[in-house]
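What follows is a short report on a single structure.
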Amino acid sequence: MSLAEAEREMLLDIVRRHDAQPTQLLQILREVQDGFHCVPPEAMDIVAAGLKVPRTRVQGVVEFYSLLSLEQQGRFHILLSDSITDQMLGSRALMEYLSAKLGVAPGQTRPDGRVSLGFTSCTGLCDQGPAGLVNGHWLSRLDGERIEHIVDLVEREIPLANWPEAFFKVEDNVQLPGLLLEHPIAAGAALRLAVRQGFDEIFVEINRSGLRGRGGAGFEAAWKWKFCAEGPEDEFGLPLAGQTDRYVVCNADEGEPGTFKDRVLLNSYAHQVFEGMTVCAGVIRAKQGFLYLRGEYRHLRPQLEAVLAERRAKKLLGKNILGRQGFDFDIAIHLGAGAYVCGEESALIESLEGKRGVPRVRPPYPVVSGYLGQPTVVNNVETFAAVAAIAFYGGSWFAAHGTEKSKGSKIISISGDCERPGIYEYDFGVTIAEILLDCGAEHTLGVQVGGASGTIISEREFHRKLAFEDLATGGSFIIFDKTRDILEVVRNFTHFFAHESCGFCTPCRVGTTLLKKEVDKICDGHGGALDLAGMTSLARFIKSASHCGLGQSAANPVLGTLAHYPEAYKSRLKAVSFEAGFDLDDSLEIARRMSLRDDALAHLEQEGI
Amino acid sequence: MNNHTLTIDGKTIEFEDGDTIMAAAARAGVYIPHLCHNPEFTPQGNCKLCEVKVNGRNCSACTFPAAEGQIVLNHTKELSETRRTITQMLFVEGNHLCPGCEKSGNCNLQAVAYSLNITDNRFPLLYPKREVDASHPDILLDRDRCIFCELCVRASREADGKDVFAISGRGIGNHLIVNSPSGKLVDSGLEASDRAAQVCPVGAIIIKRHGFEVPIGQRIYDHRQISEVSLKSEQGEAGGGHA
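Right, dumping it as structure tokens:
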């Protein structure tokens with residue numbers, strides 16, 4: 003395919019609008035993908051030349067992110083979420099129906115180029131699924147009728163702008179507001195206080211609050227900021243001479259299956275999130291901030307840009323914020339493109355720099371060497387929302403809630419088998435049983451706390467508490483009732499990790515695929531006792547030997563269910579000690595075709611020994 | 619002694635400012651198994667073979683900074699098992715057919731497997747479909763044998779200043795790509811004398827017309843352990859490189 007002159011001009015224009023900065027590569031490629039429904043080879047050459055980077059760097063980025071593609075996709079590119087909650091709501095059957103109606107298989111583009119289908123990881127609409135994306139825009143509450151309607155719109159080539167608004171409607175679904183959601187602050191309220199009192203005073207409040215990062219790992223926010231503000235130092239602990247740029251990054255790459263609270267915070271509390279970032283900038287003296295918004299949330303971008311513009315107009319961003327000389331800070335939005343691993347802070351920084359999202363080697367940590375090698379604070383959306391509230395209401399207000407080691411509240415995203423899925427906010431220390439009661443869950447088999455990378459809790463442990471010292475969570479809370487097959491849950495999560503592994507280190511790259519095959523074998527009823535033993539040691543190995551948090555938690559679903567639901571596995575095992583990991587009979591198919599045989603002797607039965 | 623010592627398996631060794639554990643160990647004559655590491659290039663820590671326990675924590679020796687008083691465990695039963703598993707994974711991930719490979723006997727992956735007493739694959743073979751690139755007049759790229767150590771990527775960037783290679787894709791779909799409009803080696807700037815063409819620890823990048831110059835049986839690892847070969851080359855001159 004050779005590009006037309008106008009298309010080449012369009013590409014050059016995209017590169018120009020991004021100032022030909024290599025850090026903008028991912029942003030540029032997103033626009034190319036939008037324009038061409040793929041990234042054509044010639045476009046890679048033009049972008050590489052424009053940015054003065056090797057062509058391999060461009061191709062490496064295209065092939066890393068799920069939402070970019072070298073192959074031509076349809077003018078309507080429809081993805082259905084393959085997250086466990088969407089599957090439980092019947093997404094697989096909907097895909098079959100959609101695929102049959104449109105005459106194109108998932109993963110394929112129809113020959114007329116009009117439509118392509120595929121699956122995608124969790125889209126963050128678990129409370130209003132089955133969900134999907136059309137050309138990157140949310141589709142919520144899909145059902146047979148809606149699919150029927152979508153097929154009609156696609157076949158008549160009706161532009162997305164003219165599709166019924168209801169299809170794209172996403173509700174906040176706040177079921178139980180708590181400390182933060184009940185006490186939102188007015189735009190600028192925390193900053194005005196901070197400018198009046200001074201940022202040293204505000205830092206004291208943040209420190210007093212005991213706020214720990216809300217992304218899941220739970221590092222104390224104040225300490226992170228302090229390290230960032232102080233570094234880099236020489237060997238005697240003295241600040242190194244020269245200009246140091248510091249950066250504030252808000253991690254809105256909410257990719258953990260079953261999490262959607264950041265979606266709600268960004269939709270309805272964006273001022274407060276940006277205010278928290280600006281407070282952080284005041285403390286650590288950063289001039290530039292980034293909101294790293296996951297690609298699946300692009301629908302939110304226009305309204306977030308509007309909030310930023312409003313804040314600039316109100317002097318809450320920009321030069322001399324609130325009239326304070328030298329307090330300069332602005333925020334840019336960077337869009338991801340479908341990579342769960344970018345939720346890991348150092349991978350996120352790589353992605354911000356326009357690269358493949360491969361987690362860095364640590365040390366050095368981002369607070370010392372982050373974005374472009376400069377000291378960088380990366381905090382979760384909810385952390386920044388809490389920061390703004392703490393700056394306004396004070397550290398003691400916050401610390402009066404929660405437990406000894408987990409101060410304040412936690413916003414959780416509830417989905418799965420319950421009456422009222424949605425957003426719930428509790429003080430830390432709440433028990434699983436209380437939460438289940440509130441959301442109307444009955445006959446519960448288990449709860450996945452913290453998403454695919456988290457912990458499965460069986461009914462014997464519903465007395466356990468949400469807190470860093472007991473069950474730490476980034477906010478995902480998926481409920482399975484007794485009609486569910488826990489091994490299908492394990493299969494879904496294990497496939498997820500194999501799909502999302504970045505491939506940097508051997509244990510995760512190879513291990514997650516081997517684990518996926520092993521889980522499939524057992525789920526499909528071909529596993530023997532040896533398989534169970536092999537799977538267990540493989541799972542332990544992946545957990546201990548992997549480079550980053552993704553690999554270290556990829557085997558959690560297997561290890562957790564082996565501990566809590568051993569009978570689910572045992573009931574699936576064959577009474578043999580070994581069976582081949584492939585289908586014997588299927589493997590003979592080519593030989594049968596070549597020898598024109600299909601008699602009984604040309605078939606083999608799958609037998610173990 | 620100005621507080622610059624650590625212990626590996628109980629043996630006290632000295633280190634210098636800026637040393638990684640790997641660098642300090644190599645200087646002191648302690649072999650830590652590795653594949654993706656080569657002291658000529660920026661360490662990356664992707665193969666994970668050099669995993670050691672530092673004060674009880676798993677760390678990659680090739681990237682982790684040495685520090686005063688560290689207690690490092692290198693040769694333990696547990697770490698040997700970890701290294702065996704990693705090596706077996708690298709074998710099943712690609713298409714490694716040692717008996718027919720020109721690199722056999724000179725191959726670091728094979729040598730590591732020998733030293734760890736690996737006698738089987740343990741895991742099912744993945745049989746990936748990967749492209750062979752024979753387009754270059756002097757160099758063959760057989761991706762079937764690539765272990766994603768990224769040594770050619772780093773050598774091309776750091777030593778040759780060419781950026782011929784890169785890793786693309788994601789996860790198990792990772793693949794080595796070539797910086798040329800056609801994606802073929804022949805259209806790239808790679809030359810047989812480049813470090814990137816020489817540095818491959820396995821048989822993925824091979825110089826043409828030099829096959830079997832040294833007969834099987836007389837090759838590097840046919841008679842010597844990789845621990846000995848590796849220490850010798852890495853303790854030698856900085857630019858000496860591997861084998």
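Just so you know, the protein sequences line up as chains A and B, in that order.
Going by the working numbering, the first residue of the first sequence is number 3, and it counts up by one from there.
Going by the working numbering, the first residue of the second sequence is number 619, and it counts up by one from there.
We put the CB at the ideal spot given by N, CA and C, even for glycine.
For clarity, every value in this text was computed on a predicted model and none was experimentally measured.
1. Could you pull the DSSP bridge partners for isoleucine 333 of chain A from this structure?
2. Leaving out the 5 sequence neighbours to the left and right, which residues in its chain are closer than 6 Å to tyrosine 67 of chain A when beta-carbon positions are compared?
3. Please classify asparagine 621 of chain B as buried or exposed, where buried requires at least 16 neighbouring CB atoms within 10 angstroms.
4. What does DSSP give as the partner residue(s) for arginine 675 of chain B in the beta ladder?
5. My assumption, with CB atoms under 8 Å, is that leucine 310 of chain A sits in contact with phenylalanine 276 of chain A. Please give the rounded CB distance.
6. Taking only three categories from DSSP, how would you classify cysteine 252 of chain A?
7. Note down the Cα distance separating glycine 551 of chain A from glutamate 346 of chain A, rounded to an integer number of angstroms.
8. I want to see whether chain B comes within less than 8 Å of glycine 325 of chain A, judged by CB atoms only; does it?
9. Can you say whether alanine 565 of chain A is buried or exposed, counting buried as having 16 or more other CB atoms within 10 angstroms of its CB?
10. Put methionine 619 of chain B into one of helix, strand or coil per three-state DSSP.
11. Applying a beta-carbon distance threshold of less than 9 Å, which residues of chain B neighbour histidine 549 of chain A?
12. Give the secondary structure of glutamine 450 of chain A by DSSP, where H, G and I count as helix, E and B as strand, and everything else as coil.
13. Using CA coordinates, which residue listed in B:Lys629, B:Leu734, B:Cys680 and B:Lys826 is at the minimum distance from glycine 636 of chain B?
14. Does any CB atom of chain A fall closer than 8 Å to the CB of threonine 623 of chain B?
15. Could you tell me which whole alpha helix (DSSP H) segments of length 4 or greater appear in the segment 438-520 of chain A?
16. So the beta strand (DSSP E) threonine 630 of chain B belongs to, where does it begin and stop?
17. Just verifying my parser: in three-state terms, what is the DSSP assignment at aspartate 762 of chain B?
18. Kindly list, in the order they appear in chain A, the residues whose Cβ is closer than 9 Å to that of aspartate 627 of chain B.
19. Quick check: the segment 93-112 of chain A against the segment 147-163 of chain A, are there 3 or more CB pairs under 8 Å?
20. Using a Cβ cut-off of 8 Å, pull out every chain B residue sitting near valine 521 of chain A, in sequence order please.
21. Would you call isoleucine 626 of chain B buried or exposed, if buried means 16 or more other Cβ atoms sit within 10 Å of its Cβ?
22. Suppose the cutoff is 8 Å on Cβ atoms and the five residues either side in sequence are ignored; what does the same chain contact list for lysine 317 of chain A look like?
23. Report the three-state DSSP secondary structure of isoleucine 351 of chain A (helix, strand or coil).
24. Name the residue from A:Ala387, A:Leu517 and A:Thr508 whose alpha carbon lies nearest to the alpha carbon of alanine 191 of chain A.
25. Which residues in the same chain have their Cβ closer than 6 Å to the Cβ of lysine 666 of chain B, if we skip the five residues on either side of it in sequence?
26. What did DSSP end up calling glycine 92 of chain A once you bin it into helix, strand or coil?
27. Rounded to whole angstroms, how far is the Cβ of alanine 773 of chain B from the Cβ of alanine 729 of chain B, which I believe are closer than 8 Å?
28. Spell out whether any CB of chain A is found under 8 Å from the CB atom of threonine 694 of chain B.
29. If you drop the 5 nearest sequence neighbours on each side, which residues of the same chain put their C-beta closer than 7 Å to that of arginine 761 of chain B?
30. Counting only runs that start and end within the segment 770-829 of chain B, where is the beta strand (DSSP E) found for 3 or more residues in a row?
31. With DSSP run on the structure shown, which of helix, strand or coil describes glycine 134 of chain A?
32. Suppose contacts are defined by Cβ-Cβ distances below 8 Å. Is tyrosine 567 of chain A in contact with isoleucine 524 of chain A by that definition?
33. Taking the beta carbon of tryptophan 140 of chain A as the centre, do at least 16 other beta carbons fall within 10 Å, making it buried, or is it exposed?
34. Counting along the chain, where does the alpha helix (DSSP H) carrying serine 698 of chain B start and finish?
The relevant details are as follows:
1. As a first step, residue 333 of chain A is located in the first sequence; it is residue number 331 there, counting from the start. DSSP output for isoleucine 333 of chain A lists A:Gly291 as bridge partner(s).
2. Taking the first sequence and counting its residues from 1, one reaches residue 67 of chain A at position 65. Ala339, Gly340 and Ala341.
3. By 1-based counting over the second sequence, the position of residue 621 of chain B is 3. Looking at its Cβ environment, which holds fewer than 16 other Cβ atoms inside 10 Å, asparagine 621 of chain B is exposed.
4. Locating residue 675 of chain B in the second sequence gives position 57, where the first residue counts as 1. DSSP, once it has assigned bridges, lists B:Val672 as partnering arginine 675 of chain B.
5. Residue mapping note: residue 310 of chain A aligns to position 308 of the first sequence, counting from 1. Residue mapping note: residue 276 of chain A aligns to position 274 of the first sequence, counting from 1. 7 Å between Cβ atoms; contact.
6. Sequence index remark: in the first sequence, residue 252 of chain A carries index 250 (1-based). Correct three-state label for cysteine 252 of chain A: strand.
7. Here residue 551 of chain A refers to the residue found at position 549 when the first sequence is read from its first residue. Here residue 346 of chain A refers to the residue found at position 344 when the first sequence is read from its first residue. In a straight line, the C-alpha of glycine 551 of chain A is about 7 Å away from that of glutamate 346 of chain A.
8. Along the first sequence, one-based indexing puts residue 325 of chain A at 323. Output row for glycine 325 of chain A: interface = no.
9. Here residue 565 of chain A refers to the residue found at position 563 of the first sequence. The residue in question, alanine 565 of chain A, is exposed, as its Cβ has fewer than 16 Cβ neighbours within 10 Å.
10. For the purposes of this step, residue 619 of chain B is taken as residue 1 along the second sequence, with counting starting at 1. With a pLDDT of only 47 at methionine 619 of chain B, under the threshold of 50, the placement of this residue in the model should not be trusted, and no figure is reported.
11. By one-based count along the first sequence, residue 549 of chain A stands at place 547. Going along chain B in sequence order, the residues near histidine 549 of chain A (Cβ under 9 Å) are Gly663, Asn664, Lys666 and Ser678.
12. Reading the first sequence from its first residue, position 448 is the one you call residue 450 of chain A. Here glutamine 450 of chain A sits in strand by DSSP.
13. Walking along the second sequence from the start, residue 636 of chain B turns up at place 18. Nearest of B:Lys629, B:Leu734, B:Cys680 and B:Lys826 to glycine 636 of chain B, Cα basis: B:Cys680.
14. Taking the second sequence and counting its residues from 1, the one referred to as residue 623 of chain B is at position 5. No - not a single Cβ of chain A is within 8 Å of the one on threonine 623 of chain B.
15. 488-502
16. Position 12 of the second sequence, counting from 1, holds the residue named residue 630 of chain B. Note, threonine 630 of chain B: beta strand (DSSP E), 629-632.
17. Residue mapping note: residue 762 of chain B aligns to position 144 of the second sequence, counting from 1. Here aspartate 762 of chain B sits in helix by DSSP.
18. Counting from one through the second sequence, the residue named residue 627 of chain B turns up at place 9. None at all; the shortest Cβ gap to chain A is about 19 Å.
19. yes
20. By 1-based counting over the first sequence, the position of residue 521 of chain A is 519. Residues of chain B passing the Cβ test: none, with the nearest at roughly 13 Å.
21. Position 8 of the second sequence, counted from the start, is the residue given in the question as residue 626 of chain B. Burial call: buried.
22. For the purposes of this step, residue 317 of chain A is taken as the residue at position 315 of the first sequence. Closer than 8 Å at the Cβ level, and outside the excluded window around lysine 317 of chain A, lie Ile323, Leu324 and Gly325.
23. Working through the first sequence from its first residue, we reach residue 351 of chain A at position 349. Isoleucine 351 of chain A: helix per DSSP, three-state reduction.
24. Locating residue 191 of chain A in the first sequence gives position 189, counting from the first residue. Measuring from the Cα of alanine 191 of chain A, the nearest candidate turns out to be A:Ala387.
25. Locating residue 666 of chain B in the second sequence gives position 48, counting from the first residue. Cβ neighbours of lysine 666 of chain B beyond the five flanking positions: Ile704.
26. The residue you call residue 92 of chain A lines up with position 90 of the first sequence. Coil.
27. By 1-based counting over the second sequence, the position of residue 773 of chain B is 155. By 1-based counting over the second sequence, the position of residue 729 of chain B is 111. Wrong, their Cβ atoms sit about 20 Å apart, outside the cutoff.
28. As a first step, residue 694 of chain B must be located in the second sequence, where it is residue number 76. No, threonine 694 of chain B does not count as interfacial toward chain A.
29. Position 143 of the second sequence, counted from the first residue, corresponds to residue 761 of chain B. Cβ neighbours of arginine 761 of chain B beyond the five flanking positions: Arg748, Glu749, Val750, His793, Leu794 and Ala822.
30. 783-786, 793-796 and 823-825
31. Residue numbering aside, residue 134 of chain A sits at position 132 when the first sequence is read from its first letter. Three-state DSSP puts glycine 134 of chain A in a strand.
32. The count along the first sequence starts at 1 and reaches residue 567 of chain A at position 565. The count along the first sequence starts at 1 and reaches residue 524 of chain A at position 522. Contact: no.
33. Here residue 140 of chain A is taken as the residue at index 138 of the first sequence, counted from 1. Flag for tryptophan 140 of chain A reads buried.
34. If you number the second sequence from 1, residue 698 of chain B lands on position 80. Per DSSP, serine 698 of chain B belongs to the alpha helix (DSSP H) from 695-711.
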